[in-house]
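Have a look at the structure below before the remarks.
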Amino acid sequence: MIPSQALLRRTLQILARLKRAYPKADCELDHANPLQLLMATILSAQCTDIRVNQVTPALFARCRTASDFATIPQSELEKIIRSTGFFRTKARSIRACAAHLITLHQGEVPRTMKALHGLPGVGRKTANVVLGNAFNLAEGVVVDTHVGRLARRMGLTRQQDPVKVETALIRLVPRRDWTLLSHLLIWHGRRRCSARKPDCASCEIRNLCPRIGVPQPIAQPFKTNIRPRRRR
DNA sequence: ATCCCGAGGG
DNA sequence: CCCTCTGGAT
Numbered sequence: 140m141i142p143s144q145a146l147l148r149r150t151l152q153i154l155a156r157l158k159r160a161y162p163k164a165d166c167e168l169d170h171a172n173p174l175q176l177l178m179a180t181i182l183s184a185q186c187t188d189i190r191v192n193q194v195t196p197a198l199f200a201r202c203r204t205a206s207d208f209a210t211i212p213q214s215e216l217e218k219i220i221r222s223t224g225f226f227r228t229k230a231r232s233i234r235a236c237a238a239h240l241i242t243l244h245q246g247e248v249p250r251t252m253k254a255l256h257g258l259p260g261v262g263r264k265t266a267n268v269v270l271g272n273a274f275n276l277a278e279g280v281v282v283d284t285h286v287g288r289l290a291r292r293m294g295l296t297r298q299q300d301p302v303k304v305e306t307a308l309i310r311l312v313p314r315r316d317w318t319l320l321s322h323l324l325i326w327h328g329r330r331r332c333s334a335r336k337p338d339c340a341s342c343e344i345r346n347l348c349p350r351i352g353v354p355q356p357i358a359q360p361f362k363t364n365i366r367p368r369r370r371r
């Protein structure tokens with residue numbers, strides 16, 4: 140589907156408005172190199188970046204190279220990352236991922252979606268984070284829980300599947316803004332448009348959002364046989 | 001579709 | 001209590 144001109148224009152207005160609201164929007168996972176960002180991003184699954192940043196200082200002090208991450212004992216690693224949740228799975232992913240980096244990529248973090256996606260613990264979202272933020276080589280848009288939620292609330296897509304959301308966003312925003320778009324939506328999602336209680340009253344883009352200012356094209360159902368909803 | 005998992009908010 | 005937090009693997 141080709142997006143309408145109206146949607147394209149509104150998307151770019153939203154982008155401009157969010158840039159003004161969050162001029163410092165950026166990756167909030169603390170890291171000093173691509174390897175650290177890769178590992179921090181694996182840890183960030185279903186967990187706030189603030190909590191990841193609480194464990195990475197100890198982790199990065201203990202593990203500097205891919206070899207360090209590959210050889211740290213499972214139990215020692217689990218203790219360090221425990222509070223991020225899913226700690227057994229994440230510890231396995233980190234160690235196996237580091238082992239793959241050594242075997243397949245000379246201990247370096249590869250710079251393509253093809254090589255990153257499929258490493259243990261690395262799905263499309265994590266690969267997009269590393270490509271966009273560590274290498275400035277975005278091949279797509281990071282779609283996490285925030286980006287998906289906001290894209291739907293703002294009426295940029297109706298898709299649920301993150302890959303389909305990504306496809307929709309790629310068509311709406313120029314490539315140079317793909318990485319920034321994710322940061323802006325994530326910042327806005329955390330500060331204003333939270334999952335539980337969106338603060339529409341003080342929202343910077345309320346007049347551009349279907350919830351407040353943009354009339355939704357009404358999907359008109361056939362008017363026959365509309366039955367009262369059965370109660371629970 | 002379900003599991004992995006801890007912590008904080010409402 | 002229930003939901004959510006920068007998901008990924010089975």
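Going by the numbering used here, the first residue of the first sequence is number 140, and it counts up by one from there.
Beta carbons are placed, not taken as given, at the ideal position from N, Cα and C, and that holds for glycine.
- Note that the C-beta distance between F208 and A237 is below 9 Å.
- For C202, no alpha helix (DSSP H) segment is defined, and its DSSP state is neither H nor E.
- Boundaries cannot be given for C342, as no alpha helix (DSSP H) includes it and DSSP labels it neither H nor E.
- Nearest to S206 by C-alpha distance, out of D338, L243, A160, is L243.
- The segment 295 to 305 makes no contact with the segment 245 to 252; the number of CB pairs closer than 8 Å stays below 3.
- For L270, the three-state secondary structure derived from DSSP is helix.
- As the crow flies, the alpha-carbon of C332 is around 6 Å from that of D338.
- The alpha-carbon of A277 is positioned some 31 Å away from that of I219.
- One thing to note: D169 has its Cβ within 9 Å of the Cβ of N192.
- H256 is bridged by DSSP to L258.
- Around C342, the same chain offers R331 as residues with beta carbons nearer than 6 Å, after the five sequence neighbours per side are excluded.
- DSSP, reduced to helix, strand and coil, places M140 outside both helices and strands of the structure shown, so it counts as coil.
- In the three-state reduction of the DSSP assignment, A155 falls in the helix class, which pools H, G and I.
- C-alpha of I309 to C-alpha of M140: approximately 12 Å in a straight line.
- Between A334 and R288, the C-beta spacing is below 9 Å.
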